[in-house]
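Using this note's numbering, the first residue of the sequence shown is number 1, and each one after it goes up by one.
See structure below.
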Amino acid sequence: MGRRLCALIPVLLATTASGAAPASRTFIFTNSSRDLGEFRAFAKIASRLKPHGSVQIDIGVLASKAMFEMPPAWSAWHEYAIFNANLSKFFPHPQIAPYLPADWVTKNRELLMAKAAILRELGLEAALSSNDTHYLPEAFFEKYLHLRGPRVDHPRRSLREEFTYCVDLAETRDIIASMVADMKRHVPEIKTILVHTNDSGTGLCWADQQYSGPNGPAHCKRRNVGERVRDLMEAMHRGAELGSGPVTIRLGGNFTSREIDEIRRQLPPDTYLSGRDPAHIDGRNDDPATIGITTQINASYPVLGLVNPLAIFEALERLDDPGVRTVVINTSLSWYYRADEPVKTVEKMVDLVEVALADPAHGLLPRFNKVRQIAARWGGEKNADRLFEAFHQLDEAFRLKQIAAPNYSNLYAGVSMRLLTRPLLIRPGDLGSEDEAYFLPHVFNVSREEARLDYIDLHGGRMSGPASWEDPLLRQSLSSALEAAQILEGATGAPEKEWLELVAIGLRMWSSELRSINNFYFAQRIRDSHAKELSGPPLKPSKTSTFAGDSDYLLWNEIQRAEYDNTAELLSLIRNGGLEMIARARRVSDEDVFLLGPDLAGALEHKRRIMRQHWLDVQQYLTSPLK
Numbered sequence: 001m002g003r004r005l006c007a008l009i010p011v012l013l014a015t016t017a018s019g020a021a022p023a024s025r026t027f028i029f030t031n032s033s034r035d036l037g038e039f040r041a042f043a044k045i046a047s048r049l050k051p052h053g054s055v056q057i058d059i060g061v062l063a064s065k066a067m068f069e070m071p072p073a074w075s076a077w078h079e080y081a082i083f084n085a086n087l088s089k090f091f092p093h094p095q096i097a098p099y100l101p102a103d104w105v106t107k108n109r110e111l112l113m114a115k116a117a118i119l120r121e122l123g124l125e126a127a128l129s130s131n132d133t134h135y136l137p138e139a140f141f142e143k144y145l146h147l148r149g150p151r152v153d154h155p156r157r158s159l160r161e162e163f164t165y166c167v168d169l170a171e172t173r174d175i176i177a178s179m180v181a182d183m184k185r186h187v188p189e190i191k192t193i194l195v196h197t198n199d200s201g202t203g204l205c206w207a208d209q210q211y212s213g214p215n216g217p218a219h220c221k222r223r224n225v226g227e228r229v230r231d232l233m234e235a236m237h238r239g240a241e242l243g244s245g246p247v248t249i250r251l252g253g254n255f256t257s258r259e260i261d262e263i264r265r266q267l268p269p270d271t272y273l274s275g276r277d278p279a280h281i282d283g284r285n286d287d288p289a290t291i292g293i294t295t296q297i298n299a300s301y302p303v304l305g306l307v308n309p310l311a312i313f314e315a316l317e318r319l320d321d322p323g324v325r326t327v328v329i330n331t332s333l334s335w336y337y338r339a340d341e342p343v344k345t346v347e348k349m350v351d352l353v354e355v356a357l358a359d360p361a362h363g364l365l366p367r368f369n370k371v372r373q374i375a376a377r378w379g380g381e382k383n384a385d386r387l388f389e390a391f392h393q394l395d396e397a398f399r400l401k402q403i404a405a406p407n408y409s410n411l412y413a414g415v416s417m418r419l420l421t422r423p424l425l426i427r428p429g430d431l432g433s434e435d436e437a438y439f440l441p442h443v444f445n446v447s448r449e450e451a452r453l454d455y456i457d458l459h460g461g462r463m464s465g466p467a468s469w470e471d472p473l474l475r476q477s478l479s480s481a482l483e484a485a486q487i488l489e490g491a492t493g494a495p496e497k498e499w500l501e502l503v504a505i506g507l508r509m510w511s512s513e514l515r516s517i518n519n520f521y522f523a524q525r526i527r528d529s530h531a532k533e534l535s536g537p538p539l540k541p542s543k544t545s546t547f548a549g550d551s552d553y554l555l556w557n558e559i560q561r562a563e564y565d566n567t568a569e570l571l572s573l574i575r576n577g578g579l580e581m582i583a584r585a586r587r588v589s590d591e592d593v594f595l596l597g598p599d600l601a602g603a604l605e606h607k608r609r610i611m612r613q614h615w616l617d618v619q620q621y622l623t624s625p626l627k
C-alpha cells in the first residue's frame, strides 16, 4: 500500500556505564510541515532533548505535490507517490533536471534549506527521508533508453505505468552519488538518510516485492539482491563523503525474508536494514539499536492529539540498554506527508521521553507508576488517580480495536474511502452527480463505478470486519474510549486542562469515525446479500402480514439511524472545538484522497441531508413489516 513511513533514521550511540563519560544518543523527530513558523516552534520543543544527545528533525519534505507526475486521467495510486521526497526533487542531476519543473525544484530546495537554517540556529541536526529509487518521467527514458529499470507502480491501482532507473548500472549509481554529494554540500546538517524502496513508486530491479512482480532488464536479472543493495548504499555513502561528510543510512521498504538475509550479509558500514519501519511503529524493526515511539496519529487519523503514555513507556523501557543508540519520535502521519501533531502534543511526547530518560521503567507496575507520575504532572495531584484510569482506558480502547477489527483503518477506510463524510444509502448509485461531487472524486479507486457502489472496496481489494455489527470486543473498545474521554473532561483545575479536554474530544471523534467504518461495513454486507433485489425495479410488497419484514430490513434501519446520529454527534464535536484536532487541507484545492477538505462541517451536513432525503429508499427494495 502506500508509503509505509515518514522519515527516521538512526545514528551512532550508546548509553554509558556509571561513572563513564556521557555517551551520545540520537533522537530523530519526524515532521512534514511546510510552514516555517510551525517548524521553528516544533524544533524548539525538540531541542529540549539536546542535553541527552544529538537531535535530528526530518526535513525531507516537498514544498508541494509533484503534480506533473499525475496522469491526465486522475490516478488514485499516484496520490501515494506525488508527495514523496527523494534526492532528485531537491538536487536533480544534470541528466534528470531538464525533465522536472525548475521552479518547483527550486521551491523544494528553498524549503529544505530554510529548515536547515533553523536547525543550524538551534544547534540541531537534520535527517532526510528519500524514497529512492523513485520513478522518473517517461521523457527521461526516451533520452536514456539504456537506464530504464523496473516498473514500480501498482497494476491494480494505477492508471499509468511508471519506471525507475536500474541501479545495477554504474552510470545510475554515479548519478545518485552526485545528487547525494550536491545535497551534502548545500545542507551539511543532514546526518542520516532514510531510503525507502519497493513501495510507493520506488523500487529495485527484480525485487520479489515489486507490485507488478519481479521485473527489470535482462542484463541484471541474475544479480544477487545483496550485491544490488550494497552497491546502491555504497554509492550514496560515496556521494556523502564527496559532499561534506559521512551519513548514516537506514534502508526500509518491502523485501522478502530471503532478500533480507542476502542484504543483511552485505550491508556496508553505517548502513542499517530496518525492515518495514525504522520507527518500530509496526513492530517489525530489524535494528535492535533503535527505539521508536509514536503518537496515535497512524491509528486515529484524521484525528490528532492522542497520546498513549502506557505504550510509550513500554517502548522506552530499553533506554538504559547501552546498545540503544537511537530513539525515533513520530509525530506526523507516517508515509504520507500530510499531517503533523499540534505543538502541544509534541510537547507531551517530549515530556514522556524526559521522564523515561530520568528513570526507565521495567515491568508493568513501574510503568503504571510512571503513568501516574505524568498524570499528576498534567492533571495535578488531585486528578492523578483518575487520569491514570483515563490513560489506561485509552490504551485499552486501541488495544481492543486491533483485536476486534484490525482491518478497520481510519486512514484508508475513514479518509481514502471517505466513509467519514459520504452518505450511507441502500442504493448509492441513485445519487446525482451534484450530490456526489463533494466526496466521490476523492475516493481511492481506479473505477469510478466501484467507488460509487462498493463501500468496502479497499484500494482494489475488499475490507474485512468483525463477525457481527455489535461485536462485543469492538463495543468494549468504544466504551473504553468514551469512558476515558469522560474522565479527562472532569479533570477540574488541571494544569493542562485545556489540552486534556481536546484529547477527550479527540477520543470521541476517533470513536465516531470507527463507528462509521463499522456501520458502512455491515451496510455493504446487507447490500451484497440483496444485490439482486437492489439491481431490479422497486418492490411491490404483498399484502401478507409479516412481523419483521425482510430479515435485513430492520437491521438496515438500525444501521442507517446509527450512522445518522453518529454524524450529528460528530458535527457537534467539530463545532465545539474538535475541528482543530482534525487533519485537513487549508485550501479547497489541496483536498485529496488522503486529506480531507477544509470545510469538514459542510461535508458532514451534506452527508446528513442526503441521508434524510433517501431515508425511505430501503422500503422500495426490502420488505417492510406489516403488523
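The C-beta atom is built at its ideal place from N, Cα and C for all residues, glycine as well.
| Query | Result |
| --- | --- |
| Could you give the residue range of the beta strand (DSSP E) that holds V328? | 326-330 |
| Where are the alpha helix (DSSP H) runs, 4 residues long or more, that stay fully inside the segment 155-190, in chain order? | 170-186 |
| Which same chain residues, not among the five before or five after D287, have their C-beta less than 6 Å away from its C-beta? | Y272, S274 |
| Taking 8 Å as the threshold, find out whether the segment 483-502 comes into contact with the segment 441-448 through three or more Cβ pairs. | no |
| Could you spell out where the alpha helix (DSSP H) holding V225 opens and where it closes? | 225-243 |
| Run the CB neighbour count on N308, radius 10 Å, all protein chains shown included, and call it buried at 16 or more, exposed below. | buried |
| Taking only runs that begin and end inside the segment 433-482, name each unbroken beta strand (DSSP E) of 3 or more residues, in chain order. | none |
| Specify the secondary structure class of D592 as computed by DSSP and reduced to three states. | strand |
| Work out the CA separation of G429 and V187 for me, nearest whole Å. | 53 Å |
| Keeping to the same chain, check which residues put their C-beta closer than 7 Å to that of I281; ignore five residues upstream and five downstream. | Note that I281 scores a pLDDT of 48, beneath 50, so its modelled location is shaky; the value from the coordinates is reported in the next line. G292, T294, N298, N330, S334. |
| Please state whether DSSP places Y272 in a helix, a strand or coil. | strand |
| Near R156, which residues of its chain fall below 6 Å by C-beta distance, leaving aside the five closest residues on each side in sequence? | G460 |
| Distance check for V328 and A127, CA to CA, integer angstroms please. | 11 Å |
| Looking only at its own chain, which residues have a Cβ that is under 6 Å from the Cβ of K348, when we skip the five neighbours before and after it? | V307 |
| Excluding sequence positions up to five away, which residues of its chain have a Cβ less than 6 Å from the Cβ of S129? | A7, D58, G60, A85, L194 |
| With a threshold of 16 other CB atoms inside 10 Å of the CB of P150, please say whether the residue is buried or exposed. | buried |
| Is S416 helix, strand or coil by DSSP? | helix |
| What residue does the alpha helix (DSSP H) around Q56 start on, and which one ends it? | Counting along the chain, Q56 falls outside any alpha helix (DSSP H), though it belongs to the beta strand (DSSP E) covering 54-58. |
| Quick one: is T421 buried, meaning 16 or more other Cβ sit within 10 Å of its Cβ, or exposed? | buried |
| Between the C-alpha atoms of M183 and A116, what's the straight-line distance to the nearest angstrom? | 12 Å |
| Could you say which of A603, S24, I582 lies nearest to S332 if we only look at CA atoms? | I582 |
| Let's test the definition: count the other Cβ atoms within 10 Å of the Cβ of H146 and tell me whether it reaches 16, buried, or not, exposed. | exposed |
| Pick out the complete alpha helix (DSSP H) segments inside the segment 291-369, 4 residues or longer, and give them in chain order. | 297-300, 309-315, 343-358 |
| State buried or exposed for A218, treating a residue as buried only when at least 16 other CB atoms are found within 10 Å of its CB. | exposed |
| Where N31 and S300 are concerned, what is the direct C-alpha to C-alpha distance, given to the nearest angstrom? | 17 Å |
| Is the distance from the Cβ of A311 to the Cβ of F439 below 9 Å? | no |
| Can you give the Cα-Cα distance for S545 and L626, rounded to whole angstroms? | 5 Å |
| Near R462, what residues of its chain come up, given a Cβ to Cβ distance below 7 Å and the 5 sequence neighbours on each side ignored? | I456 |
| Below 8 Å, how does it come out for the segment 540-556 and the segment 612-623: are there three or more Cβ pairs, yes or no? | yes |
| Need the endpoints of the beta strand (DSSP E) that L251 sits in, please. | 248-253 |
| From L425 to S511, what does the alpha carbon distance come to, in whole angstroms? | 21 Å |
| Which two residues bound the contiguous alpha helix (DSSP H) that contains S516? | 497-529 |
| Consult DSSP for V61 and reduce its assignment to one of helix, strand or coil. | coil |
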